[in-house]
Ligand SMILES: Cc1cc2nc3c(=O)[nH]c(=O)nc-3n(C[C@H](O)[C@H](O)[C@H](O)COP(=O)(O)OP(=O)(O)OC[C@H]3O[C@@H](n4cnc5c(N)ncnc54)[C@H](O)[C@@H]3O)c2cc1C
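In this note's numbering, the protein residues as written are 3 to 346.
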């Protein structure tokens, strides 16, 4: 969450006219190319399907719009939250008192084996394109929901691959300086589900990715090996993507029916070794654990599901209890992977 432009924010609902405010803030209204809306429910903008309203909400599809809207937030001393497609967040039932900026920057350029991708593109559309073009490097990250910008911010990964392995540069918009500049891979400080962008005042606008024209497929992960044996298959890029679709369909709940944010917790790292939290939860008999409409998914206990009408508060309480139980029984501290918006 980007908090440095905030000193305080007004949690009351604003009833004043936005256009007037913008005029007073010195904006040339004829140049405003996007709409800033008030009191927008965030429930429709996150996959968990919970949460209250955002005091201010807008969609940006150009750097110029991003600049205008960041200036607006600055003038009003509003906290900013950058939203992709809401697949890794938990929004407070009390909503968010600041401005939510939904990143809808679009565009993909493909030159030989290099891609320049705008941050609002769907990550899986990019994986699909790479497989169609016979380019290697991101196929194991097939069907991860979300946008490209968020994927880099959270260094997404699956089945032995991470996005950090293919990122050459990241273009960001600096909220303080109101301009864009480029980071190289090292400057992004990628770690397991972490990067500099999760902590600092930068909005990812473009991602430069380098893929390979030829490579061995990474099929070492247990689920992929099992699929290969069961189906007697030697993988190509296309069949590996298809296998991952099937494996994931068994692991994750049906998103048209249930709310979730994927893995709720990070796998704990103890003395440099990453432990499989799903296995630990399973051993503790917590697979399928349910309280009201919140549960650890029966096929993958790292995944927390909203089975119907759960609130953010209930999800938070349930997951706090899960973390406490793991600590009590295994003396292991587990922390959420997902990002919280608003107050809990
Ligand atoms: C069913 C399911 C399965 C999943 N499987 C996986 C998996 O296999 N591997 C994995 O790693 N993740 C997985 N996830 C988590 C999720 O897909 C990723 O975290 C994804 O990158 C989130 O993208 P989003 O656009 O929805 O981001 P959001 O949820 O909208 O935002 C997530 C974070 O990114 C920040 N952010 C968004 N856009 C930008 C930007 N342009 N610049 C800077 N910061 C930004 C937000 O502020 C927030 O902190 C899964 C989620 C679900 C629901």
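Where a beta carbon is used, it is the ideal one built from N, C-alpha and C, also for glycine.
- The C-beta distance from residue 272 to residue 334 rounds to 7 Å, short enough to fall under 8 Å.
- For residue 108, the closest of 61, 318, 309, 46 by C-alpha to C-alpha distance is 61.
- In this structure, 292 is the residue among 216, 155, 147, 292 with its C-alpha nearest to the C-alpha of residue 309.
- Following the DSSP letters along the chain, one finds residue 61 inside the beta strand (DSSP E) bounded by residues 55–62.
- Residue range 239–253 is occupied by the alpha helix (DSSP H) that includes residue 250.
- Rounded to the nearest whole angstrom, the CA to CA distance from residue 45 to residue 216 is 43 Å.
- In this chain, the alpha helix (DSSP H) harbouring residue 328 covers 314–332.
- Under the rule that a run must span 4 or more residues, the alpha helix (DSSP H) segments found entirely inside the region 106–184 read 125–134, 150–155.
- In the same chain as residue 35, and ignoring 5 residues on each side of it, the C-beta atoms closer than 6 Å to its own belong to 67, in chain order.
- Closest in C-alpha terms to residue 137, from the list 113, 153, 154, comes 113.
- The Cβ-Cβ distance between residue 151 and residue 86 falls below 7 Å.
- In terms of Cβ geometry, residue 297 and residue 307 form a close pair [threshold 7 Å].
- Taking the Cα of residue 311 as reference, the smallest distance to any Cα among 219, 303, 262 is reached at 262.
- The residue among 178, 172, 145 with its C-alpha nearest the C-alpha of residue 74 is 178.
- CA-to-CA, the gap between residue 183 and residue 190 works out to about 13 Å.
- Rounded to whole angstroms, the separation of the alpha carbons of residue 157 and residue 168 is 11 Å.
- Apart from the 5 residues on each side of it in sequence, residue 153 sits with its Cβ closer than 6 Å to the Cβ of 125, 165 in its chain, given in chain order.
- Looking from the CA of residue 185, the closest CA among 42, 172, 94 belongs to 172.
- Not one heavy atom of ligand 1 falls within 6 Å of the beta-carbon of residue 203.
- Residue burial is scored here from C-beta neighbours: residue 104 has at least 16 other C-beta atoms within 10 angstroms and is therefore classed as buried.
- Taking non-hydrogen atoms of ligand 1 into account, the C-beta of residue 89 is found less than 6 Å away from one of them.
- 7 Å or more divides the Cβ of residue 287 from the Cβ of residue 97.
- In its chain, beyond the 5 residues on either side, no residue has a beta carbon closer than 6 Å to the beta carbon of residue 78.
- Around the Cβ of residue 265, a 10 Å sphere holds 16 or more other Cβ atoms; the residue is buried.
- Counting of Cβ neighbours within 10 angstroms places residue 123 among the buried residues, the total reaching 16 or more.
- Straight-line measurement puts the Cα of residue 327 at about 27 Å from the Cα of residue 160.
- Not a single heavy atom of ligand 1 lies less than 6 Å from the C-beta of residue 183.
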